[in-house]
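Chemist:
Residue numbers (UniProt numbering), protein chains in the order written: chain A, 1 to 338; chain B, 1 to 338.
Shown next, in the form of structure tokens:
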């Protein structure tokens with residue numbers, strides 16, 4: 001099969017690789033219908049995370065089950081499934097509590113920008129759609145494997161409730177789908193922080209009621225202005241830098257929540273800041289599996305259309321161009337077709 | 001009147017001071033029935049917080065209203081009131097949301113180890129008991145001005161719910177009343193972390209089901225052992241050091257909550273730790289006013305007896321001995337009678 005391999009910062013190549021096979025009786029092998037490039041793939045691509053050897057890359061995936069191990073009972077060959085970016089056993093205490101991304105036997109999906117993918121813990125991980133979907137549903141279903149579920153978790157972790165005022169820090173695909181998630185969860189006012197006109201339009205399309213272009217101190221001041229000096233009820237931190245976390249905390253009212261889903265790079269928080277702001281903090285890698293049945297329903301019924309975040313579609317062989325376009329912010333998110 | 005003044009680390013003197021008077025029409029002046037020494041008073045007493053000039057000290061207080069300003073409508077002279085350690089206007093957005101300790105016009109109470117106390121924002125701050133209480137209720141009612149309400153907030157902020165397993169880090173008065181709070185909120189199992197036998201007995205009396213004497217890595221390992229490797233559902237951090245916060249976070253299950261109420265000294269948290277542990281964090285100065293009506297009911301009806309944390313009672317004139325006894329851990333908490 002063909003698959004994308006990161007050789008060094010800036011050097012992604014699609015190569016001929018060995019076909020993955022069922023190894024454990026709990027495995028499944030899934031053939032890609034679509035895959036894509038994640039903002040977090042850019043950390044190693046940019047050399048911010050070290051690349052020590054050629055590494056198959058990618059972790060967002062959906063497709064048709066090709067083969068299952070002898071213990072797999074919940075999915076069967078021919079079904080279309082969403083693959084969360086973390087495989088989970090579905091039976092441990094953390095899985096049962098809905099924190100499948102902290103599963104005691106979790107396995108991070110990798111090498112998913114490829115034609116075939118081996119998925120461990122198939123029963124605890126995969127969720128099948130009612131039928132094999134039509135092509136136009138593919139982009140939206142693909143987002144459920146990570147980016148949409150991550151935006152959703154940001155909103156849930158921030159404690160978004162009907163009627164709230166919500167601010168979203170970050171206008172990448174996760175932030176944009178955080179806007180959509182907040183809208184679905186009933187937020188009355190959604191302030192998207194973005195200085196890029198095409199992303200502002202997407203945010204507005206997903207339900208943003210206000211756009212704030214300022215950042216840092218000025219961004220915080222704008223949120224305070226827009227909320228009569230009170231701060232937002234809930235803030236979604238969808239970047240992962242020290243600056244974005246600080247901005248999120250300072251934009252939140254006392255007792256309000258910050259949901260953070262950007263993989264933290266250099267984020268340090270002092271006890272004093274949390275103590276004095278009285279902000280609730282919750283985040284981490286999204287427990288995608290918890291949200292899948294609900295999110296599949298919302299996509300299947302046409303209630304949400306998160307696939308709109310893809311503004312570039314390329315054949316898998318041109319994965320390198322997808323990385324370049326996202327790195328240079330020419331594209332919000334690149335979908336790859338096998 | 002007489003009142004305690006901190007002159008320098010280790011140097012508390014009770015002196016003749018000017019009587020406080022009503023200054024603003026929203027003020028009340030309250031005559032002490034009882035006051036006490038707080039663990040947080042020990043920070044400046046020990047010189048960890050700087051002492052630059054002689055400062056009237058103390059912030060836990062209850063007593064009889066002596067005089068009210070012309071705008072005060074909810075309390076009147078002769079009533080017995082609890083004085084939260086932060087005065088709040090009761091009308092701003094933060095107060096209305098139940099975060100009175102973040103009130104837009106908050107005033108920290110100080111100089112409360114004294115015979116008389118001026119309380120600003122009397123209507124938004126003071127809560128009167130049904131009648132003037134008998135002497136035996138005084139210690140328990142006094143705890144509601146800070147220490148009991150702070151333990152309660154730790155439990156609420158940690159998200160304690162019926163049936164949960166809760167761990168409490170810190171065996172000072174706040175930690176001990178955190179145990180009592182968790183029990184009142186329905187926790188099934190309460191693990192108190194303490195190596196001091198008299199405090200262990202108090203913890204058990206307040207509802208602790210398990211005692212862990214280990215600290216740091218070993219303490220975390222013990223909590224994991226006691227919870228089948230899962231971690232506690234909720235952890236109350238009642239100390240305020242980097243070590244105690246780290247221990248609290250690492251003792252909590254993914255998705256579980258840490259409620260922290262110890263004033264942080266040198267607490268730094270990395271985004272990575274919060275991201276990877278998926279622990280919810282919430283804390284700050286307790287919004288005492290929010291909890292007062294409920295907590296007064298519980299004391300008045302004899303449901304709770306938090307006054308048991310006082311193991312030393314002294315006349316106000318001997319405040320210095322109260323500080324010494326707590327500093328040397330000879331006493332859990334010292335009550336001062338005027």
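Ideal Cβ placement from N, Cα and C applies to all residues, glycine included.
1) Between the beta-carbon of residue 211 of chain B and the beta-carbon of residue 192 of chain B, is there less than 7 Å?
2) I'd like to know if residue 272 of chain B contacts chain A, where contact means its C-beta is closer than 7 Å to some C-beta of that chain.
3) Which same chain residues end up closer than 6 Å to residue 315 of chain B when comparing Cβ atoms and leaving out the 5 residues on each side of it in sequence?
4) Within its chain, find whatever has a CB closer than 6 Å to the CB of residue 117 of chain A; leave out the 5 residues flanking it on each side and keep chain order.
5) Can a CB atom of chain B be found closer than 7 Å to the CB of residue 275 of chain A?
6) Mind checking residue 250 of chain B: buried by the 16 CB within 10 Å criterion, or exposed?
7) Label residue 254 of chain A either buried or exposed according to how many other C-beta atoms from any shown protein chain fall within 10 Å of its C-beta, with 16 as the threshold for buried.
8) Helix, strand or coil, according to DSSP, for residue 219 of chain A in the structure here?
9) Using a Cβ cut-off of 8 Å, pull out every chain B residue sitting near residue 98 of chain A, in sequence order please.
10) Does residue 146 of chain B pass the burial test, meaning 16 or more other C-beta atoms within 10 Å, or should it be called exposed?
11) Leaving aside the five residues before and after residue 128 of chain A along the sequence, list all residues of the same chain whose C-beta is less than 6 Å from its C-beta, in chain order.
12) Between the alpha carbons of residue 214 of chain A and residue 263 of chain A, how many angstroms are there, rounded?
13) Please decide whether residue 269 of chain A counts as near chain B, where near means a Cβ-Cβ distance under 7 Å.
14) Against residue 278 of chain A, what residues of chain B qualify as contacts under a CB-to-CB distance less than 7 Å, listed in chain order?
15) Out of B:202, B:163 and B:184, state which residue places its alpha-carbon closest to the alpha-carbon of residue 171 of chain B.
16) Quick check on residue 254 of chain B: does DSSP put it in helix, strand or coil?
17) Cβ closer than 8 Å: which chain B residues qualify as neighbours of residue 264 of chain A?
18) In the DSSP assignment, what residue or residues form a beta bridge with residue 190 of chain A?
19) Using the Cα positions of residue 112 of chain A and residue 301 of chain A, report the straight-line distance between them to the nearest angstrom.
20) Suppose you measure from the CA of residue 167 of chain B to the CA of residue 153 of chain B; what does that come to, to the nearest Å?
21) Is the distance from the Cβ of residue 3 of chain A to the Cβ of residue 44 of chain A below 7 Å?
22) List, in order along the chain, the chain B residues whose C-beta lies closer than 9 Å to that of residue 245 of chain A?
23) Among A:169, A:108 and A:25, whose alpha-carbon lies nearest the alpha-carbon of residue 67 of chain A?
24) Smallest Cα separation from residue 40 of chain A: which of A:173, A:155 and A:199?
25) Measuring CB to CB, does residue 234 of chain B end up less than 7 Å from residue 159 of chain B?
26) Below 8 Å, how does it come out for the stretch 87-107 of chain A and the stretch 289-296 of chain A: are there three or more Cβ pairs, yes or no?
27) Could you confirm whether any beta carbon from chain A is found closer than 7 Å to the beta carbon of residue 185 of chain B?
28) Going by the DSSP bridge assignment, what does residue 56 of chain A pair with across the sheet?
29) What whole-angstrom Cβ distance do residue 28 of chain B and residue 122 of chain B have, given they're in contact under 8 Å?
30) Assuming residue 68 of chain B is part of the beta strand (DSSP E), what are its boundary residues?
31) Find the nearest neighbour of residue 198 of chain A within the set A:142, A:135 and A:308, judged by alpha-carbon distance.
32) Is DSSP giving residue 95 of chain A helix, strand or coil here?
33) Exposed or buried, which one is residue 196 of chain B when buried takes at least 16 other CB atoms within 10 Å?
34) Please report the residue range of the beta strand (DSSP E) in which residue 283 of chain A lies.
35) Enumerate in chain order the residues of its own chain whose CB-to-CB distance from residue 178 of chain A is below 7 Å, with the five nearest sequence positions on each side excluded.
36) From residue 243 of chain A to residue 311 of chain B, what does the alpha carbon distance come to, in whole angstroms?
Modeler: Short version:
1) yes
2) yes
3) 337
4) 30 and 61
5) Yes, because at least one Cβ of chain B sits closer than 7 Å to the Cβ of residue 275 of chain A.
6) buried
7) Result: buried.
8) helix
9) 255, listed in chain order.
10) buried
11) 75, 79 and 81
12) 23 Å
13) yes
14) 99, 102 and 284
15) B:202
16) strand
17) Against chain B, the beta carbon of residue 264 of chain A has neighbours under 8 Å at 270, 271, 272, 274 and 275, listed in chain order.
18) A:166
19) 27 Å
20) 15 Å
21) no
22) 271
23) A:25
24) A:173
25) yes
26) Contact between the stretch 87-107 of chain A and the stretch 289-296 of chain A is present, because at least three Cβ pairs lie under 8 Å.
27) no
28) The partner list for residue 56 of chain A (beta bridge, DSSP) reads A:5.
29) 4 Å
30) 61-68
31) That would be A:308, whose Cα lies nearest to the Cα of residue 198 of chain A.
32) helix
33) exposed
34) 280-283
35) Hits under 7 Å: 151, 154, 155, 168, 236 and 238.
36) 47 Å
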